[in-house]
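Accompanying notes for the structure given below.
There are 2 protein chains.
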Amino acid sequence: MDKAVLFQKFVTFAAAVHEVTHELTKDIKPDDITPVQYSILEYIAVSQPVTLSQISDCKHISMPNTSRELKKLTEKNLCEKFDVAEDRRKQLIRLSAAGQTMMDETFQQIGGRFLNRIKDASAEELETINRALDVLQSKVFYE
Amino acid sequence: MDKAVLFQKFVTFAAAVHEVTHELTKDIKPDDITPVQYSILEYIAVSQPVTLSQISDCKHISMPNTSRELKKLTEKNLCEKFDVAEDRRKQLIRLSAAGQTMMDETFQQIGGRFLNRIKDASAEELETINRALDVLQSKVFYE
DNA sequence: CTCGTTGATTATCATTTGATAACTAAATGG
DNA sequence: CCATTTAGTTATCAAATGATAATCAACGAG
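Below, the structure written as structure tokens:
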């Protein structure tokens with residue numbers, strides 16, 4: 596397997612993933628939430644509870660800007676901050692009840708579109724897809 | 596294979612792809628070019644020659660904004676516009692020599708990082724990765 | 001105890017991006 | 001032909017994002 600060819604395929608593949616992700620999520624993002632705010636909410640939803648620093652690191656947003664956006668999200672009652680007993684500098688962030696409901700609904704819709712996308716796949720194909728995801732995740736898209 | 600589980604894996608996977616893509620490309624983008632401009636250049640590099648409308652469609656940027664950004668790129672001598680004989684409304688966009696050189700170097704660097712990422716994979720593993728890319732591209736990330 | 005580091009906040013500013021309206025020119029379809 | 005559609009441009013405005021400096025409190029190592 597020529598590695599240069601593999602790189603070519605990787606480039607095409609990454610573009611396709613971005614495009615499909617966009618396709619699955621477009622027009623779903625709830626009103627009054629900017630793209631960056633949505634991506635933060637998504638991250639919180641999957642990884643909660645998280646600290647501000649974690650959000651900053653993982654989403655590549657500076658601390659001041661993370662703090663600003665999180666403040667807005669808190670003001671919109673979509674997430675909540677909790678003090679950490681062991682380290683009083685830190686704050687843990689979780690989705691509020693309203694935020695959880697909102698993200699649940701969002702994932703519900705995205706999931707629906709995803710299912711529609713794979714609706715023609717047979718059981719064996721689904722198994723193949725599953726293994727392919729594992730392979731790539733561990734060998735290429737790790738860390 | 597439970598489809599809901601597959602969706603969960605898809606979400607994690609898409610996030611990993613985004614993250615690794617970011618990792619591979621960060622700090623490489625040449626000076627004086629905004630992220631959106633870079634993504635346009637990338638698209639032109641892979642698909643040239645393209646029309647303004649194609650860029651607008653594929654990158655989800657409105658025509659006025661596409662026109663504006665393309666004008667800036669043209670002023671920076673990174674791409675060139677050509678009239679189309681058959682339809683004088685249209686314009687084909689290509690990278691200029693300088694733009695081509697710049698993008699070649701960029702891809703060179705990204706490719707280096709990619710190779711480093713898969714450097715421990717055996718020949719069989721590379722073949723497995725290759726097939727996994729094909730499977731996902733055709734069954735999940737199509738279109 | 002003190003110094004350096006970490007986690008977070010506020011304020012401010014420049015830049016980038018997105019959105020809209022108004023317009024030209026060329027094609028296309030009755 | 002004339003109306004409509006397509007391709008692209010320009011101008012303008014608002015909003016989102018990124019970057020920086022200054023600050024504060026709490027922790028941790030020596």
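From first to last, the protein sequence lines stand for chains V and W. Note that our numbering has the first sequence beginning at 596, numbered continuously upward. Note that our numbering has the second sequence beginning at 596, numbered continuously upward. Each residue gets a CB set at the ideal place from its N, CA and C atoms; glycine is no exception.
Following the continuous beta strand (DSSP E) through residue i, name the residue where it begins and the one where it ends.
i	result
K676 of chain V	674-678
Q686 of chain V	686-690
Using the beta-carbon count (16 or more within 10 Å), is residue i buried or exposed?
i	result
S634 of chain W	buried
L619 of chain W	buried
E651 of chain V	First, the residue type needs correcting, since residue 651 of chain V is Ser and not Glu in the sequence shown. Looking at its Cβ environment, which holds 16 or more other Cβ atoms inside 10 Å, S651 of chain V is buried.
T701 of chain W	buried
M658 of chain V	exposed
E637 of chain W	buried
V679 of chain W	exposed
F677 of chain W	exposed
E738 of chain W	exposed
A640 of chain V	buried
A599 of chain V	exposed
L668 of chain V	buried
Compare the C-beta of residue i with all C-beta atoms of chain V and state if any pair is closer than 7 Å.
i	result
T646 of chain W	no
Q732 of chain W	yes
L728 of chain W	yes
A611 of chain W	yes
M716 of chain W	According to the sequence provided, residue 716 of chain W is Ala. The question's Met does not apply to it. Output row for A716 of chain W: interface = yes.
K624 of chain W	no
T616 of chain W	yes
K654 of chain W	no
So, for residue i: in the same chain, excluding its five sequence neighbours on each side, which residues have a beta-carbon less than 6 Å away from its beta-carbon?
i	result
G694 of chain V	L673, C674
M596 of chain V	none
K624 of chain V	Y633
K714 of chain V	none
S554 of chain V	Past the edges of chain V, shown from 596 to 738, lies residue 554 of chain V, and the structure says nothing about it.
Would you say residue i lies against chain W (beta-carbon separation less than 7 Å)?
i	result
V631 of chain V	no
I650 of chain V	no
G706 of chain V	yes
L710 of chain V	yes
I724 of chain V	yes
F608 of chain V	yes
A692 of chain V	no
M596 of chain V	yes
L721 of chain V	yes
K604 of chain V	yes
F677 of chain V	no
Apart from the five residues on each side of it in sequence, which residues of its chain come closer than 7 Å, Cβ to Cβ, to residue i?
i	result
T661 of chain W	L647, I650, S651
L698 of chain W	Per the sequence presented here, residue 698 of chain W reads as Met, with Leu not at that position. Only L636, A640, L690 meet the Cβ criterion.
Please list the terminal residues of the continuous alpha helix (DSSP H) segment that includes residue i.
i	result
V735 of chain V	Premise fails: V735 of chain V is in no alpha helix (DSSP H) and is neither H nor E.
T661 of chain W	658-670
D652 of chain V	647-654
T620 of chain V	598-620
E681 of chain W	Note, E681 of chain W: premise wrong, no alpha helix (DSSP H); not H, not E.
Q643 of chain W	From DSSP, Q643 of chain W is part of no alpha helix (DSSP H); its letter is neither H nor E.
Report all residues from its chain with a CB closer than 8 Å to the CB of residue i; omit the five preceding and five following residues, and keep chain order.
i	result
F605 of chain W	V735
E614 of chain V	none
D627 of chain V	K671
Q686 of chain W	T646, L647, K676, F677, D678, V679
L721 of chain W	I713
I705 of chain W	L619, T620, I623
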